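Asks: Mapping the sequence shown onto UniProt numbering, position 662 (from 1) lands on 662, and the numbers just tick up by one. Could you have a look at this structure, given as C-alpha cells, before my questions?
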Amino acid sequence: MIVFDSAGAGLLRKLAGAALMTWFTMLGAAQARTIDLNGGWLFHRDDSRRAAGIEQVPADGWTRVDLPHAARIEPRVPTAPWQGTVFYKKHIKLDLRPGERAILRFEGVMNVADVWLNGKHLGQHLGGYLPFAFDVTDILAGGGEGELVVRANNEDNPITGPKPLKDLDYIQHGGIYRGVSLAIKPPVHVTDAMLSDTPGGGGIFVTTPRADKRAAVVRVQAEIMNTSNSAQAVSVRHTLAWRGRQVARVEQQLQLAAGERRHVSIPLKLAQPKLWSPKAPNLYHLETRVLAAGREDLVRTRIGVRRLAFEGGKLLLNGEPLHLRGVNRHQEYPYVGYALSAAADLRDALLIKKYGFDYVRLSHYPQSPAFMAAADELGLMVLPAIPGWQFHNPDPAFARQVIRTCADMIRRDRNHPSVLAWECSLNESRMPDALVQALHDTVHAEYPGDQAFSAGWVPQTYDIYLQARQHRIGNKHALPNKPLIVSEYGDWEYYAMNAGFNQGAWADLKPADRSSRQALGAGEARLAQQARNVAEAHDDNVATPAFADGYWVMFDYARGYAPDLEESGAFSIERLPKFSAEFFRSQRDAADASPRWGGGPMVFIASYWQADSAPRVRVFSNAEEVELRLNGKLVGRKQGRPSPSHPRLAHPPLEFDTGGFAPGELVARAYSSGRVVAEHRVRTPGAPVRLALALDDMGVPAAKGDLVFVRARLLDAAGTTVPVSGREVAFSAGPGTEIVGSAQVATEAGIASVLVRVQGPRASLTARTGGLSGALAP
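Printed below as a string of C-alpha cells:
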C-alpha cells in the first residue's frame, strides 16, 4: 500500500509518464462525486386542487424552473398565502459504474413530500425544514436513467404542526425551496447521516474533547459502510488543514465484512490551535478519505475548534466569559418566501454581524445550510430550533415527529462551531412533561458528551431556560437555577402588554405611536420610538442573569393570521436599516472590528433633520465622547457612559437639545482619546432631482441565479436622500436580469427596493418616477 500526503506528493514521486496518467484515470473513475440537480425541472402548481398524482397534470401544465423554487411568487404583503399541492419532475441520466451507490438528497421541501423515481415510490417525508435522502442505486443500476417526480404539499398538517396558517405568526412557503443533489459513492464509503439508524451516528461527526490555547483534541467519527459482496481492507484517513497547510493527519486500517457498517472514531491532536470565537471565527478544513480496493470516497467538512461551558449561569467559550447580544431571524424574503439563494443567506448574516450582533436565535425552525455556513465564517453563535409555535397535538404521531425532527436537526448541523445549543422545544406550546424529557434526552443522545446543551421555553428539564421579556414582566416566580437566555424582547411588551399568548383578542394594545412595530416609511418620530423601546428593553435585560438576549426581530416578515407585515424588525423586509439597527450597531465595542463585517468606532444621528423633526436630537455612538454641531455651531458635547435613563448600557443613546429646527446640516463627531474616530452628517433634504440606482450586493458578488436587491434612491441637488415614502417607482429589467415580484414599488424613507434575479455579477435595470429616471448599466 502506498501512503501519500494530502497533496499527493509521496505518490507522485513513485509514478511517472504513462503510469501516472493511467493511475489518475483509474482514480477519477473511482472517485466519489456529487451531481447538482438544481437546474432544469418541470413544475406544476395544482390551483384546481384536482390532481392526486402526476397522471392528472395536463400535458401543457408544466413550466420550466430551477431550484431553489417558490411554489408561488407572493405579493410583498401576502393577504392569502398560497397553500396546496405542487408537482416537480426531472429527467436524470448518469453513468453508474459497477458497485457504486447513488444517494438522492433533498435539503428542504415544504411540507409533506412524496418522491418517485421511474414510477417507484421512494417514500414520504414529513416536515419542510430538514434534509432527507434515499438510496436509489437499485433503480438506476440498470441504465442510470430515469424520471424523478416530487409531490409537495404545504397545507396545514396536524402531525408536523405548527398551528393552522390562519392563526400562524409566519408563513410556511411551499415548493422545493432548497437544493437537490445526487451523491455517487464507491462500494466502501462514508454514509449520509440522514440514513443512519444510530443515535449520534452516520456521516462525519466532529467533537473537541479538549480545546484551549495550548492544545486541542479533535475527534472524528465516521460511519463507514461496505456495500460490496466481499470483505474489504479499508483505510480511513483524516487530514486537517489550516489555510491550505496541513496541520494534522491520522490513518487507521480496518476490515469490513460484506454489508457491514461501522462507526470509526479517531482523534487528531493539535498544538496551539486557532480557536473559534465570535471575534476570531477560525475555521479548519477536514478531509476524510476512505480507500478500499483501489477506490476512494472523499468527504470535506469545515470545522471550528472551541469549547463551551457554563459556570454559575455564565457562558464560557474557550474558558473565557462571553455575553451575547443577539436577534431573532425569520429566513423569509419578500415575493420568494423561503427560496433564497446561498448568497442572499450570506448577506443576511453579514447584516446581522455588521449591526452589532454575535448571536442569532433561528426562530422558529431549522434554517438553511448556507446561513449556518455563513454563521461559522462570520462568528455568529446560533440557536437552531425545531418547528413549533403555540401548538401541541396529543396524537402520539405528533410526538414521534417532533422527536425525529430534533434528531435530524442535530444530525445536519452538529459540525457547525456556531451552534450554541439546541432548541428542541415547541415555542410557547404547552408540552407534556414526557415530551419535554424525551426532547432533552434526544439532544444528549444525538450529541453525546459535554458539548451539547438543550434549550427550552419551559423552566424544567432543559439545560438552558429561554424566557421572553414579555413573559418575565409581572412574573413573580423565581428563575430556575440554570443558564438563562432572554429569547425575545422589544416587541410584544410594547404592542400588547397583557394579551399573553392570545394572538386574536388583544386586551391592552399600546397606541401605535408607542409600538415597536414601525415600518421604515412610518416617519422619523415612529422610527425613533422603536429605537427608544429597544434601548429601554435591552438595558432592562442587562439586569437579569441572562448570558444572552435576542431582539424580536431582525427583519420584518409576513404572517398568516394578519394581512400585513410584522414590522418590529430592526430592518425592513427588503433589508434596509431602521434607526433601531443603528442603536444596536452602537452597542458593539469600538475595538471590535473586522475587514469582513466592519465594526469599529461609529456615530449615527437618528434624525432626517427636516421641518417636523424633533428639536431634541438622539445620537448613537460607541465612542468615549460625542460632539454635535448645527450649521457649524456647537450644540453640545457629551460623554458616552451609563446614564440615569439607561444605567446598564455601556453606550447609551445621547440626546442634544438644538433649541429648535433650523435648516442646514447636523454633524456628529465621535471622539476617543481626544481625537475624532467617526463622523456622521445629516442635511436638510431639498426637492428630489435625481434617481440613483445601485445593486446592493454588500460585497458578495452576484452569481448566476442570485437574488439581490436594487435600490433606487431619491436624491436632492446636494446628493442627500429625500426621505419621502409612498412615491411609486417603476422598474424595467434589461438583459440578464429578471425582476422578481412587483416591478412598481413605493419608496420608503426615500428608497424604492426591487428584487432581481441576475445571471451574472452585474444587473441591468432602469427606473422612473415622475420626471426622474435612473439606470443601472450592465
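Heads up, the beta-carbon is just placed ideally off N, CA and C, and yes, glycines get one too. None of the values given here were measured: they were computed from a predicted structure.
Quick check on the DSSP output: what are the complete beta strand (DSSP E) runs of length 3 or more inside the UniProt domain "DUF4982" (616 to 678), in order along the chain?
Replies: Counting whole runs of 3 or more residues, the UniProt domain "DUF4982" (616 to 678) contains the beta strand (DSSP E) stretches 616 to 621, 625 to 630, 633 to 639, 654 to 657 and 665 to 672.
Asks: Does DSSP put Ser418 in a helix, a strand or coil?
Replies: Of the three classes helix, strand and coil, the one that applies to Ser418 here is coil, per DSSP.
Asks: If we ignore side chains and look at the alpha-carbon of each, how far apart do Ser764 and Leu695 end up?
Replies: The alpha-carbon atoms of Ser764 and Leu695 are separated by roughly 10 Å.
Asks: Name the DSSP bridge partner or partners of Gln232?
Replies: Per DSSP, Leu256.
Asks: By DSSP's criteria, Leu383 is part of a beta bridge. Which residues make up the other side?
Replies: Looking at the DSSP assignment, Leu383 forms a beta bridge with Arg361.
Asks: At what residues does the beta strand (DSSP E) containing Asp706 begin and finish?
Replies: Element bounds for Asp706: Asp706 to Leu715.
Asks: Leaving out five residues before and five after Pro601 in sequence, what residues of the same chain have Cβ atoms less than 6 Å from its Cβ?
Replies: Answer for Pro601: Ala590, Ala623, Ala670, Val677 and Ala678, listed in chain order.
Asks: Quick check: Arg325 and Asp549, are their CB atoms within less than 8 Å of each other?
Replies: It is a contact, given that the beta carbons lie within the stated cut-off.
Asks: In three-state DSSP terms, what is Val150?
Replies: Val150: strand per DSSP, three-state reduction.
Asks: According to DSSP, simplified to helix, strand and coil, what is Ile751?
Replies: Note: Ile751 maps to strand in three-state DSSP.
Asks: For Ala687 and Gly770, I'd like the C-alpha separation in whole angstroms.
Replies: Distance between the alpha carbons of Ala687 and Gly770 is about 13 Å.
Asks: Using a Cβ-Cβ cutoff of less than 6 Å, which residues in the same chain neighbour Phe604 once the five nearest sequence positions on both sides are dropped?
Replies: So the qualifying residues of the chain are Glu582, Phe620 and His680.
Asks: Could you tell me whether the stretch 113 to 125 touches the stretch 196 to 207, using the rule of 3 or more Cβ pairs below 8 Å?
Replies: No: fewer than three Cβ pairs fall under 8 Å.
Asks: Nearest chain C C-beta to Pro511 closer than 8 Å, yes or no?
Replies: Of the protein chains in the structure, only one exists, and it is not chain C.
Asks: Is it buried or exposed for Pro78, if we count other Cβ within 10 angstroms and need 16 for buried?
Replies: Buried, because 16 or more other Cβ atoms sit within 10 Å of the Cβ of Pro78.
Asks: Taking the beta carbon of Ile92 as the centre, do at least 16 other beta carbons fall within 10 Å, making it buried, or is it exposed?
Replies: Looking at its Cβ environment, which holds 16 or more other Cβ atoms inside 10 Å, Ile92 is buried.
Asks: If you check the beta carbons only, do Gln331 and Gln272 fall under 8 Å apart?
Replies: In this structure, Gln272 does not lie closer than 8 Å to Gln331 by Cβ.
Asks: Hey, Pro723 and Gly750: beta-carbon distance below 8 Å or not?
Replies: Contact: yes.
Asks: For Gly490, which of Pro483, Ala468 and Gly84 has the nearest alpha-carbon?
Replies: Selected option, being the one with the closest Cα: Ala468.
Asks: Have a look at Gly388 and Ala370 and give me their C-alpha separation to the nearest angstrom.
Replies: The alpha-carbon atoms of Gly388 and Ala370 are separated by roughly 22 Å.
Asks: Where do the ends of the alpha helix (DSSP H) carrying Asp46 lie?
Replies: From DSSP, Asp46 is part of no alpha helix (DSSP H); its letter is neither H nor E.
Asks: Taking all protein chains shown into account, decide if Ile176 is buried (16 or more other Cβ within 10 angstroms of its Cβ) or exposed.
Replies: Its Cβ being crowded by 16 or more others within 10 Å, Ile176 is buried.
Asks: From Pro653, Tyr608, Arg713 and Leu649, pick the residue whose C-alpha is nearest to that of Pro663; which is it?
Replies: With distances taken between Cα atoms, Pro663 lies closest to Tyr608.
Asks: Can the beta-carbon of Lys90 be found less than 8 Å from the beta-carbon of Leu148?
Replies: Yes, the Cβ-Cβ distance between Lys90 and Leu148 is below 8 Å.
Asks: If distances are taken between C-alpha atoms only, which option among Gln518, Ser672 and Gln451 comes closest to Asp564?
Replies: When each option's Cα is compared against that of Asp564, the closest is Gln518.
Asks: Which whole-angstrom value describes the C-beta separation of Gly379 and Lys353, a residue pair presumed to lie in contact below a C-beta threshold of 8 Å?
Replies: Gly379 to Lys353, Cβ: 7 Å. Contact.
Asks: Taking the beta strand (DSSP E) that Leu268 belongs to, which residues open and close that run?
Replies: Taken as a continuous stretch (DSSP letters only), the beta strand (DSSP E) holding Leu268 covers Arg261 to Ala271.
Asks: Spatial neighbours of Asp395 within its chain, please: C-beta separation below 8 Å, excluding the five flanking residues on both sides.
Replies: So the qualifying residues of the chain are Pro158 and Ile159.
Asks: Can you name the start and end residues of the beta strand (DSSP E) that Ser580 belongs to?
Replies: Premise fails: Ser580 lies in the alpha helix (DSSP H), Phe579 to Ser586, not in any beta strand (DSSP E).
Asks: Out of Arg64, Leu182 and Gln172, point me to the one whose CA is closest to Gly146's CA.
Replies: Measuring from the Cα of Gly146, the nearest candidate turns out to be Leu182.
Asks: Taking 8 Å as the threshold, find out whether the stretch 217 to 225 comes into contact with the stretch 427 to 435 through three or more Cβ pairs.
Replies: No: the two stretches stay apart, fewer than three of their Cβ pairs being nearer than 8 Å.
Asks: Taking 8 Å as the cut-off, decide whether the C-beta atoms of Pro685 and Pro761 are in contact.
Replies: Contact flag unset, no.
Asks: Taking the alpha-carbon positions, what's the Val740 to Gly142 distance?
Replies: Cα to Cα, the separation comes out at about 41 Å.
Asks: Does Pro369 come out as helix, strand or coil in the three-state DSSP assignment?
Replies: Pro369: helix per DSSP, three-state reduction.
Asks: Under a three-way DSSP split, which group does Ala29 fall into?
Replies: Confidence in Ala29 is poor, its pLDDT being 40 and thus under 50, which makes the residue's placement unreliable; the coordinate value appears in the next sentence. DSSP places Ala29 in helix when its eight states are reduced to three.
Asks: Should Ala70 and Val336 be called a contact, given that it needs their Cβ atoms to be closer than 8 Å?
Replies: Going by C-beta atoms, Ala70 is nearer than 8 Å to Val336.
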